[in-house]
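Working notes, beginning with the structure itself.
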Amino acid sequence: MQAIFDGHNDVLLRLWRNVQAGGDPIAEMVNGTTSGHIDLPRAKAGGLAGGLCAIYIPNSKPLTLNPPNTRGQYANPLSPPLERQPSLDIAVAKAAIALKLDRAGVWKLCRTTADIREAMDKGVFAAVLHMEGCEPIGADLAALELFYGAGLRSLGPVWSRNNIFGHGVPFAYPSGPDTGPGLTEAGKALVKECNRLGILIDLSHITEKGFWDVVKLSEHPPIASHSNAHALTPVARNLTDKQLDAIGERKGLVGLNFAVTMLRSDGREVGETPLDDMVRHIDHLVKRAGIDCVAIGSDFDGAMVPKEIGNASGLQNLVAALKNAGYGDQELAKICRENWLRVLGEAWGEK
Ligand code: ZN
């Protein structure tokens, strides 16, 4: 079995909603869930050794998404911007869940790659705290310092909406990622501060202009934790070949997103999406960015994933499909965990 370190999940969103409904996140993780993708039994069954767990701030009102037309095309406006509050309260509540799980020994909140390897060796889920969209952080970046102290080691300046740091891409098919402006001045200051502190900068969800702004400004290689190939599935959230080439040239990373809408050539939200679509995307990402720059970014607990994966317990089905497609053990080790560990170590200033 290949141990998998996954670059993106929304388990903290599910646990937070569960807490709001009166649930206990420790019991939910330890005993297992009936509806979610990640819990300890499912992680163990699928070889999921750890991953980046997102602090994501949901829209204040549920969005009514435009249904696809008869040709399957759809276009949605960006989600409306969020206020600093209650974004900050929600982020604190999610960080608190992550810290509680750490103290209870349910998972290890990792701050170094040595932490991750030690947890993996012990069979403890290796969680890394990520922020997906920085609405909880003000332009003075004081909250960044505080979240760093609480274990934050990765962030995406924006989700699919605009904020004081930059601009996100909308959910649209077909659409390229060049949908708006790039980083703001506050966004540039955020990038510099992340470089200084040792926080990975994630470019999934940012506009193409924002992507190139970060590539130009950041001292670290470009990372898109959960995005696929635009050449195969032309949604605004996927990366063009030019972006993938830049990731390869600078030895960054792109993590395969399991969201069916980002895997299927027709962009539809259908669970019956073959593993072949995942393999096709991995092949393309490897062709453009190289075997050292491709990894996993499942989006578990945040998106509809192929039925043949189902949840974390089905991860080895993807590994088997990649094996059948000709990937050897060493290549699989890179895709499954080693590439993530390399870029995390670099972003965290470990060498
Ligand atoms: Zn996302």
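Take the sequence shown: its position 122, counting from 1, is numbered 198 in this note's numbering, and each next residue is one higher. All residues carry an ideal CB built from backbone N, CA and C; glycine is no exception.
| Query | Result |
| --- | --- |
| Beta-carbon proximity list for glutamate 104, same chain, < 7 Å, skipping 5 on both sides | Leu91, Asn94, Asp115 |
| Given glutamine 319 as reference, the closest of Ala305, Val245, Ile102 once Cα atoms are compared | Ala305 |
| Top-ranked residue by Cα proximity to leucine 128, from His84, Met338, Asn135, Glu422 | His84 |
| CB contact flag (phenylalanine 334, histidine 113, <7 Å) | no |
| Exposure of glutamate 284, with buried meaning 16 or more beta-carbon neighbours within 10 Å | buried |
| Reduced DSSP category for lysine 327 - H, G, I as helix; E, B as strand; rest coil | coil |
| Integer Cβ distance of proline 297 from glutamate 422, believed to fall under 8 Å | 7 Å |
| Completely contained beta strand (DSSP E) runs for the stretch 144–213, where each covers 3 or more residues | 183–185, 201–208 |
| Simplified DSSP state of leucine 308, which is helix, strand or coil | coil |
| Three-state secondary structure assigned by DSSP to glycine 127 | strand |
| Neighbourhood of serine 389 by C-beta, 7 Å cutoff - its chain only, sequence neighbours within 5 removed | Arg118, Ala121, Gly122 |
| Cα-Cα separation between asparagine 239 and valine 267, rounded to whole angstroms | 14 Å |
| Reference histidine 302, options Thr260, Met354, Asp289, closest by Cα | Met354 |
| Enclosing alpha helix (DSSP H) for arginine 340 [first to last residue] | It is not in any alpha helix (DSSP H) - arginine 340 carries neither H nor E in the DSSP assignment. |
| Endpoints, alpha helix (DSSP H) assigned at glycine 286 | 284–293 |
| Proximal residues to glycine 232 (C-beta, below 8 Å), its chain only, five neighbours per side dropped | His206, Met207, Glu208, Gly209, Cys210, Ile277, Asp278, Leu279, Ser280, His281, Ile282, Ser301 |
| Euclidean distance between Cα positions of phenylalanine 81 and glutamine 406 | 15 Å |
| Reference valine 370, options Gly378, Arg340, Gly331, closest by Cα | Gly331 |
| Whole-angstrom distance between tryptophan 235 and threonine 260, CA atom to CA atom | 15 Å |
| Buried versus exposed call for threonine 110 [16 or more other C-beta atoms within 10 Å across all chains shown] | exposed |
| Closer than 7 Å to chain C by CB, isoleucine 213 | In the displayed structure, chain C is absent; only one protein chain is listed. |
| Nearest candidate by alpha-carbon position, reference aspartate 352, set Ala379, Ala397, Asp254 | Ala397 |
| Candidates Asn393, Arg344, Arg413, Lys176, of which the one nearest aspartate 368 by Cα | Arg413 |
| Complete alpha helix (DSSP H) runs within the stretch 390–415 (minimum length 4 residues, chain order) | 391–400, 405–409 |
| Reference alanine 172; option with closest CA among Asp321, Ala226, Lys363 | Ala226 |
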